[in-house]
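To start, the structure under review is shown below, and the notes come after it.
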Amino acid sequence: MTSSMHHEVDDQMILISQYYPGIYTQLVPEQGEAKPRRRRKKNKGSEGSSGGVRKRKLSEEQVNLLEQNFGDEHKLESERKDKLASELGLDPRQVAVWFQNRRARWKSKKLEEEYSKLKTDHESTVVEKCRLETEVLKLKEELSQAEREIQLLMERCDGVSSNSPSSSLSMDAMGPPFLGEFGMEGLEKAFDLLENNYIIHGLEWVNLYDM
DNA sequence: ATTTAGACTGGATTACATCA
DNA sequence: GTGATGTAATCCAGTCTAAA
Numbered sequence: 001m002t003s004s005m006h007h008e009v010d011d012q013m014i015l016i017s018q019y020y021p022g023i024y025t026q027l028v029p030e031q032g033e034a035k036p037r038r039r040r041k042k043n044k045g046s047e048g049s050s051g052g053v054r055k056r057k058l059s060e061e062q063v064n065l066l067e068q069n070f071g072d073e074h075k076l077e078s079e080r081k082d083k084l085a086s087e088l089g090l091d092p093r094q095v096a097v098w099f100q101n102r103r104a105r106w107k108s109k110k111l112e113e114e115y116s117k118l119k120t121d122h123e124s125t126v127v128e129k130c131r132l133e134t135e136v137l138k139l140k141e142e143l144s145q146a147e148r149e150i151q152l153l154m155e156r157c158d159g160v161s162s163n164s165p166s167s168s169l170s171m172d173a174m175g176p177p178f179l180g181e182f183g184m185e186g187l188e189k190a191f192d193l194l195e196n197n198y199i200i201h202g203l204e205w206v207n208l209y210d211m
């Protein structure tokens, strides 16, 4: 008897109020942390709660106070439970049950909220994906157009160079066509145009060609 | 008939008590 | 002092059910 009373004092010193900060999960003691000890009490003689008359509905006042307490802290430790119970004129067991149910319902509400938020996020991501796909199509079209223009310029260059003395040189010997002696300005312009498009849209060459 | 909220059950975990 | 075991308190998920 006396020893349990001593323990109660000890327990008060190690009691923590923030046992479960968020959604309740089965207790996982964190490493390196002083292990919070759960308050323990000896069986009190006057149990008799289950045998008594079942009060069904709690009064508005009772619920208000319970809600207020729940808002402060979702966890209900022994002292608070007993204090609340006597303030409300309820059995501590009822208070414990109320908190348990309240936590469960709070959790499911939270999950529902999270779900609908994720759903909304997902939907807007899908919309954004569509938008980006459309943009890619548009850019691809612009790319083909630019390539056609390049081709045209190169053909023109070809025509001009065939009249020049160096026309006997093969294309292979000249390396890549756009490095030929003619049309650099025009080609550069065309490539600038293309490149600017990519820079503007923040995309990579490889990606576009691969798509 | 449906929803809400109080109560219960069962399994798990933890802290503490007791005993060999 | 220490490990094994028992017990009480508490948690959660799931369920039941009276009352609105």
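Read left to right, the first sequence gives residues 1 to 211 (full-length UniProt numbering). Just so you know, even glycine gets a beta-carbon here, dropped at the ideal spot from N, CA and C. On a predicted model such as this, the values are computed, not experimentally measured, just so you know.
In the three-state DSSP reduction, leucine 152 falls in the helix class (H, G or I). With contacts defined as CB atoms closer than 8 Å, lysine 81 and alanine 104 fail to qualify as a contacting pair. Minimum Cα-Cα distance from aspartate 91 among the listed residues Arg102, Gln68, Arg56, Phe70 corresponds to Arg56. Straight-line measurement puts the Cα of alanine 146 at about 12 Å from the Cα of methionine 154. For glycine 71, the enclosing alpha helix (DSSP H) covers residues 60-72. Counting along the chain, the unbroken alpha helix (DSSP H) around arginine 80 starts and ends at 78-88. Between leucine 84 and asparagine 69, the C-beta gap is smaller than 8 Å, which places the two residues in contact. DSSP places aspartate 91 outside both helix and strand once states are collapsed to three, so it counts as coil.
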